[in-house]
Amino acid sequence: MIKTIAENYNILEITTRILVAYIVGALIGWERAQHKKPIGSRTTSIVCMGAAILSCYEEVFAKSILIQNSQLMEIGSKLLYSMPDYSRITAQIVSGIGFLGAGMIIQNRGKLHGITTAAIVWVTACLGIVIGSGEWVLSAIGCFCIFLSTSIYRVPYFLAHKNHSVIYLIEYNNKIDIESEIDKFGIKIMRFQIVGWKENKIQKDENELPNIIGKIHIFVPNLDYGNIEKFLLIQI
């Protein structure tokens with residue numbers, strides 16, 4: 001009796017590949033989210049897992065064709081299944097995921113944003129294909145290189161600026177885009193975190209929202225650090 005595709009599954013191995021792809025994708029998304037990039041664990045985990053699922057199916061489908069042909073030859077049949085180019089499945093993943101990445105690239109005032117994020121989405125899909133194929137060594141190397149490429153460029157920046165940064169706790173109106181306002185004056189925001197809200201003592205409008213209290217870690221290359229507090233009080 002000719003076996004179906006489902007009978008060629010190694011359930012444990014297939015499940016392991018898909019779970020590993022999901023975890024690796026989630027870790028990549030988590031790293032991006034930690035640096036406030038427009039991508040999260042859900043997106044990258046789904047992309048990586050989806051690529052792994054199709055890669056597993058591609059392998060099982062090819063294996064089933066070979067098994068069925070060998071069984072037909074054993075019973076003396078001259079009608080064999082033609083061997084399809086099953087690599088087309090992964091080829092479509094690589095090209096198709098580019099549309100998802102392209103949607104993350106934004107042009108604003110002559111500057112492009114999101115190119116690295118788009119590249120991360122694409123390479124996450126590629127990593128999912130490799131994991132789904134069961135190439136564990138190549139998967140580990142690829143995963144290491146992804147984290148290395150997204151982290152290593154921060155090292156020289158940190159070494160250059162670690163002695164030229166300061167952390168402040170500030171209060172500002174919620175209608176102000178704090179990052180864009182500070183960026184106008186050459187101040188580099190290294191980290192910004194909202195820690196709470198404060199009710200306005202004098203409200204001109206009953207619908208007015210409370211002020212935001214934020215913890216801001218900044219680098220100021222062109223200003224005297226002694227005047228930073230005064231600068232923030234005036235501008236925010």
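8 is the number that the UniProt record's numbering gives to position 8 of the sequence shown; each next residue is one higher, with no gaps.
Think of the CB as a built atom: it goes at the ideal place given N, C-alpha and C, for glycine as much as any other residue.
- Within 10 angstroms of the beta-carbon of residue 115 lie fewer than 16 other beta-carbons, which makes it exposed.
- Judged by DSSP secondary structure, residue 18 falls within the alpha helix (DSSP H) whose first and last residues are 11-34.
- Just so you know, the alpha carbons of residue 57 and residue 99 end up roughly 23 Å apart.
- Looking at 63, 50 and 97, the one whose alpha-carbon comes closest to that of residue 25 is 50.
- Counting only the Cα atoms, residue 39 lies some 14 Å from residue 125.
- The alpha carbon of residue 139 has as its nearest neighbour, out of 21, 36 and 31, the alpha carbon of 21.
- With respect to residue 131, residue 52 sits close: the two C-beta atoms are nearer than 8 Å.
- With 16 or more neighbouring CB atoms inside 10 Å of its own CB, residue 55 falls in the buried class.
- Per DSSP, the unbroken alpha helix (DSSP H) holding residue 89 starts and ends at 88-102.
- Note on geometry: alpha-carbon atoms of residue 31 and residue 70 lie some 47 Å from one another.
- Buried is the label assigned to residue 118, since at least 16 other Cβ atoms lie within 10 Å of its Cβ.
- Rounded to the nearest angstrom, the Cβ distance from residue 146 to residue 46 is 17 Å, too far for a contact under 8 Å.
- Only residues of its own chain outside the window of five on either side were considered, and among them 25, 28, 29 and 124 have a CB closer than 6 Å to the CB of residue 44, listed in chain order.
- Short of 7 Å from the beta carbon of residue 14, and not among the five residues preceding or following it, lie these beta carbons of its own chain, in chain order: 56.
- Taking all protein chains in view, the Cβ of residue 17 is crowded by 16 or more other Cβ atoms within 10 Å, so the residue is classified as buried.
- Rounded to whole angstroms, the Cβ separation of residue 122 and residue 101 is 5 Å, and the two are in contact under 8 Å.
- Taking the C-beta atoms as reference points, residue 90 is found no nearer than 8 Å to residue 65.
- When the five nearest sequence neighbours on each side are left out, the beta carbons in the same chain lying within less than 8 Å of the beta carbon of residue 151 are those of 31, in order along the chain.
- Take residue 37, set aside five residues on each side of it, and the residues of its chain with a beta-carbon closer than 7 Å to its own are 117, in chain order.
- The continuous stretches of alpha helix (DSSP H) do not include residue 133, and DSSP gives it neither H nor E.
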